[in-house]
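> Structure provided below as structure tokens; questions to follow.
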Amino acid sequence: MTSLTGAVVLVTGANGGIGTQFVHAALERGAAKVYATARTPRAWDDERIVPLQLDVTDAASIAEVVAAAPDVTILINNAGASPSTFGILDHTDEEIRSNIETNFVGPLLLARAYAPILSARGGETAIIDIHSAMAWFAVGGIYSATKAALWSATNSLRLELHPAGVQVVGVHVGWVDTAMAAAADGTKLDPALLVARVLDGTEAGAHEVLADDTSVHLKSALSAPLETLCPQLAG
Numbered sequence: 001m002t003s004l005t006g007a008v009v010l011v012t013g014a015n016g017g018i019g020t021q022f023v024h025a026a027l028e029r030g031a032a033k034v035y036a037t038a039r040t041p042r043a044w045d046d047e048r049i050v051p052l053q054l055d056v057t058d059a060a061s062i063a064e065v066v067a068a069a070p071d072v073t074i075l076i077n078n079a080g081a082s083p084s085t086f087g088i089l090d091h092t093d094e095e096i097r098s099n100i101e102t103n104f105v106g107p108l109l110l111a112r113a114y115a116p117i118l119s120a121r122g123g124e125t126a127i128i129d130i131h132s133a134m135a136w137f138a139v140g141g142i143y144s145a146t147k148a149a150l151w152s153a154t155n156s157l158r159l160e161l162h163p164a165g166v167q168v169v170g171v172h173v174g175w176v177d178t179a180m181a182a183a184a185d186g187t188k189l190d191p192a193l194l195v196a197r198v199l200d201g202t203e204a205g206a207h208e209v210l211a212d213d214t215s216v217h218l219k220s221a222l223s224a225p226l227e228t229l230c231p232q233l234a235g
């Protein structure tokens, strides 16, 4: 388990709806400092929040952030991208490549860059990866594919970093009430509730957080016949 009390947290995609909630919630739980990273950092009204420029698709940008923030104890891989359409055959080459770089390669490279720093502390450190319920229900085209890849990478990171005492938390959630999901239909989870459940799980020592009913249902269906998960295949 990893306490937020006295922690130094780095949040990617900090300007978005979920990222902003992570920044504020970490401080409310006692974090000493939060690095709020984004491609275009913004000003914050708290001296404990340090804005940093970060493009997770750029290896040089990742290296610069690690050099500027070597005291991180909790890394939250929250930044993400979504294509304009959810048909995997309809995506442009650029959409495919940019989603893979942002949703999968970037978080993995950032975790790899911080792994030695977190491991050296011998405990009370964590990596939190925000996946999606769509990793298990492939209706999101390349978005689903990248989140499934991140889920798998998170599982690998957890096994490799466990001996060093680094907690690796994988988060699955359906629609969240943010700008990215504005056009989506259906029930959407409040970002504040999502973040509270993630940080509750982290402080309780969880390896995985299923943040809503959608995620619970989809994970339970993984052991069932494929037609159960994808009823459109039945018959």
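Using my numbering, the first residue of the sequence shown is number 1, and each one after it goes up by one.
C-beta: ideal position from N, C-alpha, C; glycine also.
Considering only residues of the stretch 141–168, which uninterrupted alpha helix (DSSP H) runs meet the minimum length of 4 residues and lie entirely inside it, listed in chain order?
142–161
> In whole angstroms, what is the alpha-carbon distance linking T20 and T228?
36 Å
> DSSP three-state label for P41, please.
coil
> What whole-angstrom Cβ distance do I250 and T154 have, given they're in contact under 8 Å?
Residue 250 falls outside the range modelled here, since the chain spans only 1 to 235, and no answer is possible.
> Name the DSSP bridge partner or partners of Q53?
Answer is A38.
> Looking at C-beta atoms only, is the number of pairs between the stretch 138–155 and the stretch 86–105 that lie closer than 8 Å three or more?
yes
> Taking buried to mean at least 16 other C-beta atoms within 10 Å of its own C-beta, is P13 buried or exposed?
It should be pointed out that residue 13 corresponds to Gly in this sequence rather than to Pro. With 16 or more other Cβ atoms within 10 Å, it is buried.
> Pair every Cβ in the stretch 37–45 with every Cβ in the stretch 89–105, then say whether three or more of these pairs are closer than 8 Å.
no
> Give the DSSP-derived three-state secondary structure of A111 in the structure shown.
helix
> Check whether the Cβ atoms of H172 and A135 lie closer than 8 Å to each other.
Remark: C-beta atoms of H172 and A135 approach each other more closely than 8 Å.
> Ends of the alpha helix (DSSP H) at L233?
Element bounds for L233: n/a, residue is neither H nor E.
> Taking the continuous alpha helix (DSSP H) assigned at D213, which residues delimit it?
Counting along the chain, D213 sits inside the alpha helix (DSSP H) bounded by residues 213–220.
> Determine the closest residue to V34 out of T40, G17, L52, with distance taken between C-alpha atoms.
Minimum Cα distance to V34 is reached at L52.
> Name the residue from L27, V23, F22, Q232 whose alpha carbon lies nearest to the alpha carbon of T5.
L27
> Tell me, please, whether the stretch 191–205 touches the stretch 214–229 by the rule of three or more beta-carbon pairs shorter than 8 Å.
no
> If you compare alpha carbons, which of A68, S220, A204, D93 is closest to T37?
A68
> For the beta strand (DSSP E) containing L210, list its first residue and its last residue.
208–210
> Identify which residue in V8, D55, A32 has its Cα closest to the Cα of N15.
Comparing C-alpha distances from N15 to each of V8, D55, A32 shows the shortest one belongs to D55.
> Could you give the distance in angstroms between the alpha-carbon of D129 and the alpha-carbon of N78?
So the two alpha carbons sit approximately 7 Å from each other.
> Nearest to I62 by alpha carbon, out of L159, R29, L110?
When only C-alpha atoms are compared, the closest one is L110.
> Roughly how many whole angstroms lie between the Cα atoms of A113 and S119?
Those two C-alpha atoms are separated by around 11 Å.
> Determine the extent of the beta strand (DSSP E) in which G103 is found, giving its start and end residues.
A quick correction: the sequence has Asn, not Gly, at residue 103. Here N103 belongs to no beta strand (DSSP E), and DSSP marks it neither H nor E.
> Do you know offhand how far D71's Cα is from P231's?
48 Å
> Is it right to say S220 is buried, meaning 16 or more other beta carbons lie within 10 angstroms of its own, or is it exposed?
It is exposed - the Cβ of S220 has fewer than 16 other Cβ atoms within 10 Å.
> Can you give me the C-alpha to C-alpha distance between H160 and F104, rounded to a whole angstrom?
Going by the sequence as given, residue 160 is Glu instead of His. For E160 and F104, the distance between alpha carbons rounds to 18 Å.
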